[in-house]
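S.K.: Numbering (the numbering used here), first residue to last: 9 to 195.
In this text, a Cβ means the ideal position worked out from N, Cα and C, and glycines have one as well.
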């Protein structure tokens, strides 16, 4: 706990229409209500259905946003002006027809920049966790692999993977969710 310390979070919104917010900064300070500030996307081609964001280890204010289609946006945040610039747009390797990507994590482990991402799966369609070594110089993935996952409960309205994060020890944390449609209820 950092008493009196302010913490800021960069969040993505899964909006799809032009003009809708894609990014926001949420600032939290103990004893005060959180402050929400939307950030304008810097060009006319924002992500459609942004689902996750991950920091790039070793780079200050450098992040990758993923859309549900597997399109990736390497962005740089200027915290002073609260603006972002798009450094590169690229995609996951071997995007499968019908995949709906949710969850993205980059982590430096044993000198390699490891990336983990997932097709969320739903109900009887299992999630698929993908991984690989990311080469930032070429924006490419190597030593890739995958495996499927299904959560055992609940059995309806389940998104087997709604988000994931890889820690520095190589432990993968996965969040599942249950919802019965865009209006919830969500669990």
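Determine the contact status of residue 70 and residue 114, defining contact as a CB-CB distance below 7 Å.
M.R.: Locating residue 70 in the chain shown gives position 62, counting from the first residue. Locating residue 114 in the chain shown gives position 106, counting from the first residue. Result no, Cβ atoms of residue 70 and residue 114 do not sit closer than 7 Å.
S.K.: Name the two residues that bound the continuous beta strand (DSSP E) containing residue 81.
M.R.: Here residue 81 refers to the residue found at position 73 of the chain shown. 79 to 86 is the extent of the beta strand (DSSP E) around residue 81.
S.K.: For residue 76, which residues in the same chain have their Cβ closer than 6 Å to its Cβ, ignoring the five residues on either side in sequence?
M.R.: Position 68 of the chain shown, counted from the start, is the residue given in the question as residue 76. Closer than 6 Å at the Cβ level, and outside the excluded window around residue 76, lie 57, 59, 108 and 109.
S.K.: Over what stretch of residues does the beta strand (DSSP E) that includes residue 98 continue unbroken?
M.R.: Counting from 1 along the chain shown, the entry for residue 98 is found at position 90. That run of the beta strand (DSSP E) goes 91 to 99.
S.K.: Determine, for residue 131, whether the minimum Cβ-Cβ distance to residues of chain C falls below 7 Å.
M.R.: No chain C is part of this structure, which consists of one protein chain only.
S.K.: Whole-angstrom Cβ separation of residue 93 and residue 80, contact assumed at under 8 Å?
M.R.: Along the chain shown, one-based indexing puts residue 93 at 85. Along the chain shown, one-based indexing puts residue 80 at 72. Rounded, the Cβ-Cβ distance is 15 Å, inconsistent with contact.
S.K.: Does the Cβ of residue 171 have 16 or more other Cβ atoms within 10 Å, making it buried, or fewer, making it exposed?
M.R.: Within the chain shown, residue 171 is the residue found at index 163, counting from 1. Residue 171 is buried by the Cβ-count criterion.
S.K.: Please name the residue, chosen from 54, 116 and 17, that lies closest to residue 24 on a Cα-to-Cα basis.
M.R.: In the chain shown, residue 24 corresponds to position 16, counting from 1. With distances taken between Cα atoms, residue 24 lies closest to 54.
S.K.: Residue 102 to residue 37, Cα distance in whole Å?
M.R.: On the chain shown, residue 102 is found 94 positions in, with the first residue counted as 1. On the chain shown, residue 37 is found 29 positions in, with the first residue counted as 1. Residue 102 and residue 37: Cα-Cα distance of roughly 42 Å.
S.K.: Going by DSSP, what residues sit across from residue 35 in a beta bridge?
M.R.: Position 27 of the chain shown, counted from the start, is the residue given in the question as residue 35. DSSP lists 16 and 43 as partners of residue 35.
S.K.: In the DSSP assignment, the beta strand (DSSP E) including residue 173 goes from what residue to what residue?
M.R.: Within the chain shown, residue 173 is the residue found at index 165, counting from 1. Segment 166 to 174, the beta strand (DSSP E) holding residue 173.
S.K.: Please tell me whether residue 127 and residue 136 are closer than 7 Å, where the distance is taken between their beta carbons.
M.R.: The residue you call residue 127 lines up with position 119 of the chain shown. The residue you call residue 136 lines up with position 128 of the chain shown. Cβ distance < 7 Å, so residue 127 and residue 136 count as in contact.
S.K.: Beta-carbon separation of residue 184 and residue 195 under 7 Å?
M.R.: Within the chain shown, residue 184 is the residue found at index 176, counting from 1. Within the chain shown, residue 195 is the residue found at index 187, counting from 1. Result no, Cβ atoms of residue 184 and residue 195 do not sit closer than 7 Å.
S.K.: Looking at the structure shown, is residue 76 part of a helix, part of a strand, or coil, going by DSSP?
M.R.: In the chain shown, the residue the question calls residue 76 occupies position 68. Of the three classes helix, strand and coil, the one that applies to residue 76 here is coil, per DSSP.
S.K.: Nearest CA to the CA of residue 147: which residue from 159, 167, 160 and 95?
M.R.: Taking the first residue of the chain shown as position 1, residue 147 is located at position 139. Comparing Cα positions, the closest option is 95.
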